[in-house]
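Note sheet for the following structure.
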Amino acid sequence: MHLNPPRSSLLRSSPWTALCLAAALVGCGASIGEATEEVGQSSDALASTNGLTVNGLTVNGLTVNGLTVNGLTVNGLTVNGLATNAFQTWFQQDPASSDMVMSYVVKCSMAAGTTLRYHAPATGKPYTWDGSLGLAPDWSAGQPMSVAEQQVVSACLAAHANKYGVHVNISVLGRDAVGGAVPYTQDELSTYSEKEACFFGNLFTGEGVFAANDGAYLDYDESTVRTCGLSSWSDTTACTPMQHVGACRYYCTLDATRTYYTRCTYNGVNYRPITTRMLPQDIYRCGDGVCQLTEKCGASTTPDRCSDCGPCK
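Counting with mature numbering (1 follows the signal peptide of the UniProt record, and there is no 0), you get residues -18 to -1, 1 to 295 for the letters of the sequence shown.
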């Protein structure tokens, strides 16, 4: 499934009483006017090879400050959740960034062909967010968010985090919160042939979010905008506060087909992960004659001093 969400960054949420929702879903403040929203079926649902999406989030401020008793996690990703004062206050603080964050939350949580619509009470401006992966079916239907849904949505948001804030096609694999597999095809696996990473954790409880290499570590002369997951030995802190913890095989269990991970255990907690694959051409090599986004000027063969980008002035 090919999507093209906007470029931007995850926001740092600010605490209010006990609540503030993960990955910047939190809002905090006084009462605001009434909001309206609706959930419906899209009239132009995407035909899907499934499991494909587009990443464009940066990771600066990827954090969580706890949960609320009356926020989205309790009231669900529907009418009640979006009508709370907390959500409305958070949304209007930075509508453009909030719109971007919600587009990723909905893409991860709700099913393809499902649309979430919201009218901001402060401006009357309508917003539309399309579902894609359907990882949190109960939360999407208005139920309180389960731990399994917190985990898999957190993993999905982390999988879309991009240090450089650029759009790169990836293949997203795994299971939803109730155990259903994200559909994929052999053609998808062949096209997205580069194993990338696994992502797991829980943003909603403050446990953190983690990434690990599924593919081999990058060579000394290689780089990628997907460095939050597919890291080199020397570059495992580039996406702080997302923590890179090594290789997936040390923490995670593969499904029966050995295509994706079904469980990752870290600090004694079992998590529902997301596994990603990428296109081979999205791994860049210093020395190919092209100055890539991840390479800097110099006279060496390493990305931080790459001759492809010419001498430093």
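We treat Cβ as the ideally placed atom computed from N, Cα and C, and that holds for glycine. It should be emphasised that the depicted structure is a prediction, and the values quoted were computed from it without experimental measurement.
Counting only runs of at least 3 residues, the segment 235 to 287 fully encloses the following beta strand (DSSP E) elements, listed from N- to C-terminal order: 243 to 248, 251 to 253 and 256 to 260.
Under the three-state reduction of DSSP output, S213 falls in the coil class, being neither helix nor strand. Relative to H142, the option among C210, A65 and C268 whose CA is nearest is C210.
DSSP, read as helix, strand or coil, puts Q225 in strand. Distance from the Cα of D196 is smallest, within the candidate group Y253, V56 and S175, for S175.
As DSSP reads the structure, K177 sits in a beta bridge with R259.
Between K107 and M92, the alpha-carbon positions lie close to 22 Å from each other. One thing to note: V134 has its Cβ no nearer than 8 Å to the Cβ of R208.
Between T247 and the set D201, R240, T167 and F192, the nearest pair of CA atoms involves F192. Taking the Cα of W121 as reference, the smallest distance to any Cα among T235, T55 and A238 is reached at T55. Counting only residues of its own chain and dropping the five nearest sequence neighbours on each side, T96 has a CB closer than 6 Å to the CB of G113. In this structure Y202 touches T284 by the C-beta definition: roughly 6 Å separates them, less than 8 Å. Residue environment for G116: buried (at least 16 other C-beta atoms within 10 angstroms of its C-beta).
Counting every other CB atom within 10 Å of its CB across the protein chains shown gives R231 a total below 16, marking it as exposed. Here V154 is actually not in contact with I265; their C-beta atoms are around 18 Å apart, not less than 8 Å. Note on the segment 90 to 170: whole beta strand (DSSP E) runs with a minimum of 3 residues are 96 to 101, 108 to 112 and 150 to 156, in chain order. Annotation for F69: the continuous alpha helix (DSSP H) segment containing it runs N67 to Q75. Two segments are said to touch when three or more pairs of C-beta atoms, one from each, lie closer than 8 Å; by this definition the segment 235 to 243 touches the segment 154 to 163. Taking all protein chains shown into account, T276 has 16 or more neighbouring C-beta atoms within 10 Å of its C-beta and is therefore buried. In the three-state DSSP reduction, G292 falls in the coil class, being neither helix nor strand. G228 and G58 have their C-alpha atoms some 34 Å from each other. In the three-state DSSP reduction, A78 falls in the helix class (H, G or I). Bridge partners of G190 according to DSSP: N184.
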